[in-house]
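Worksheet: one structure, shown below.
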Amino acid sequence: MVAAGAGGAWYWWQSQQGKLPDGLVSGNGRIESDEVDIAAKSAGRVRDVLVEEGDLVSAGQIVARIDTTELLAERAKYVADQTSEEASMLEAKATVAQRRAELMLKEANLRRALTLIAKGAVSEQTLDQYQSERDSGRAVVEAAEKNVIARERSIEAAKALVDQTDAQIADATLATPVKGRVLYRLANPGEVVSAGGKVLTIVNLSEIYMEIYLASEQAMRVPVGSQARIQFDGADFAVPAKVSFVSPEAQFTPKQIETRSERDKLMFRVKLRIPSSLVEDHIEQVKTGARGTGYVRLEPNPPDWPESLQKRFPGDPADAEK
């Protein structure tokens, strides 16, 4: 009887080892990160791919180039067209100056005719002729000025084509917008990709998180910004994190959740984000897909972390979660 009692006490003690104190909740999950596709904006032939799968890349780093031979030829043509239009505009401006000088002469002739007609030295027919020449001269000047405006617009259009080609040439140099690791290399030099064709896929290591799923009565007590811990399967340390998102809608948990009973329930998705400073310090050790358990503090008056969650990653600064 004593042995039976001792055995029952041992089983009770074992069952309590995994039990969390009030104010702490947990859920299974895996380390995730957003994926960024590096794609060609326009169709073209891949000239260079400068990274391999698994390489660590920095934000702004050039990772691939699309061939620009045809674009450079087009640019040369557009520059020649712009130069030709600029020469035509100079000619048009010279024509305007010539027509204005002719108009000034015709206006002077008309003024003299108006003076002489009062003295009877010029006939009405001659006066009418001078007026007609003056009006014709004005029309010629207006037409020449409009031709200058048209040439200016043509220059702007030619320059726009040059600028557009320059933008396309710049877009042919593909850079990663984030710091991360190359997940997939989807094209090789010499291959032709369509507009929007993917060349590389980068795992964004600046945003590392774990998503866990909590029941309604737990999720409603989790405030955004609450402290959290992530413990990987088989690890004897915990990584600090913070709650960055609590879903407003319930859903069935996805297939990667190991427990069938959890998958059969409607749960709320909670995202635990690891501080970017901590990720930066251990960027070489970051592996997406690693599985573990996320622990979240509930408010108000959260309890202290259990001893098993107080051991930190080697080199982890004490204020990483602040």
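Quick note on the UniProt record's numbering: the sequence shown kicks off at 1 and runs consecutively.
Backbone N, C-alpha and C define an ideal beta-carbon position, used for all residues, glycine too.
- [ ] Starting from the Cα of residue 284, find the closest Cα among 231, 210, 179, 68 and give me that residue.
- [x] 179
TODO: Pair every Cβ in the region 158–165 with every Cβ in the region 71–89, then say whether three or more of these pairs are closer than 8 Å.
DONE: yes
Open item on the list: Contact defined as beta carbons within less than 8 Å: I believe residue 62 pairs with residue 50. What is the distance between those atoms, to the nearest angstrom?
Closed with: 6 Å
TODO: Answer with buried or exposed for residue 268, where buried requires no fewer than 16 other C-beta atoms within 10 angstroms of its C-beta.
DONE: buried
TODO: Any chance you could list the alpha helix (DSSP H) runs of at least 4 consecutive residues sitting entirely within the region 36–116, in chain order?
DONE: none
Task: Where residue 156 falls, given that 16 or more other Cβ within 10 Å makes a residue buried - done: It counts as exposed.
Open item on the list: Quick check: the Cα distance between residue 117 and residue 110, rounded to an integer number of angstroms?
Closed with: 10 Å
Task: Start and end residues, beta strand (DSSP E) containing residue 326 - done: Residue 326 lies beyond the residue range present for the chain, which begins at 1 and ends at 322; the question has no answer from this structure.
TODO: Taking residue 96 as the reference, give the member of 142, 57, 55 with the closest Cα.
DONE: 142
Open item on the list: For residue 158, count the other beta carbons within 10 Å of its own beta carbon; 16 or more makes it buried, fewer makes it exposed. Which is it?
Closed with: buried
- [ ] If I'm right that residue 309 touches residue 222 with Cβ under 8 Å, what's the distance once you round it to whole angstroms?
- [x] That belief does not hold up - the Cβ atoms of residue 309 and residue 222 are roughly 17 Å apart, past 8 Å.
Open item on the list: Taking its Cβ as the centre, do 16 or more other Cβ atoms sit within 10 Å of residue 192, making it buried, or is it exposed?
Closed with: exposed
- [ ] Put residue 187 into one of helix, strand or coil per three-state DSSP.
- [x] coil
TODO: Put residue 23 into one of helix, strand or coil per three-state DSSP.
DONE: coil
Task: Nearest-angstrom Cα separation, counted from residue 270 out to residue 213 - done: 6 Å
TODO: Could you check the C-alpha separation between residue 135 and residue 78 for me, to the nearest Å?
DONE: Their Cα atoms are separated by approximately 40 Å.
Open item on the list: Please return the same chain residues whose Cβ sits closer than 7 Å to the Cβ of residue 37, not counting the five positions on each side in sequence.
Closed with: Once the five neighbours on either side are set aside, the close Cβ partners of residue 37 are 198, 201.
Open item on the list: According to DSSP, residue 243 sits in a beta bridge with which residue or residues?
Closed with: 272
- [ ] Excluding the 5 residues preceding and the 5 following residue 107 in the sequence, name in chain order all residues of the same chain whose CB lies nearer than 8 Å to its CB.
- [x] 134, 137
TODO: Assign residue 28 to one of two classes, buried (16 or more other C-beta atoms within 10 Å of its C-beta) or exposed (fewer than that).
DONE: buried
Open item on the list: Cutting at 8 Å between CB atoms, please list the residues of its own chain near residue 103, excluding the five before and the five after it.
Closed with: Closer than 8 Å at Cβ, skipping near neighbours: 134, 137, 138, 140, 141.
- [ ] Identify every residue that forms a DSSP beta bridge with residue 28.
- [x] 293
Task: Straight-line Cα distance separating residue 239 from residue 318 - done: Confidence in residue 318 is poor, its pLDDT being 47 and thus under 50, which makes the residue's placement too unreliable to answer from.
Open item on the list: Going by the DSSP bridge assignment, what does residue 267 pair with across the sheet?
Closed with: 251
Open item on the list: Between which two residues does the beta strand (DSSP E) holding residue 121 run?
Closed with: Counting along the chain, residue 121 sits inside no beta strand (DSSP E), nor does DSSP assign it H or E at all.
Open item on the list: Bridge partners for residue 326 per DSSP, in chain order?
Closed with: No answer is possible for residue 326: the residues shown for the chain start at 1 and end at 322.
- [ ] Below 6 Å CB to CB, which residues in the same chain sit around residue 122 once its five sequence neighbours on both sides are set aside?
- [x] 113, 116
Task: Contact under 8 Å by Cβ, residue 35 with residue 296 - done: no
Task: Span separating the alpha-carbon of residue 174 from that of residue 86 - done: 34 Å
Open item on the list: For residue 56 and residue 181, which I take to be in contact (beta-carbon distance under 8 Å), what is that distance rounded to the nearest angstrom?
Closed with: Confirmed, about 5 Å.
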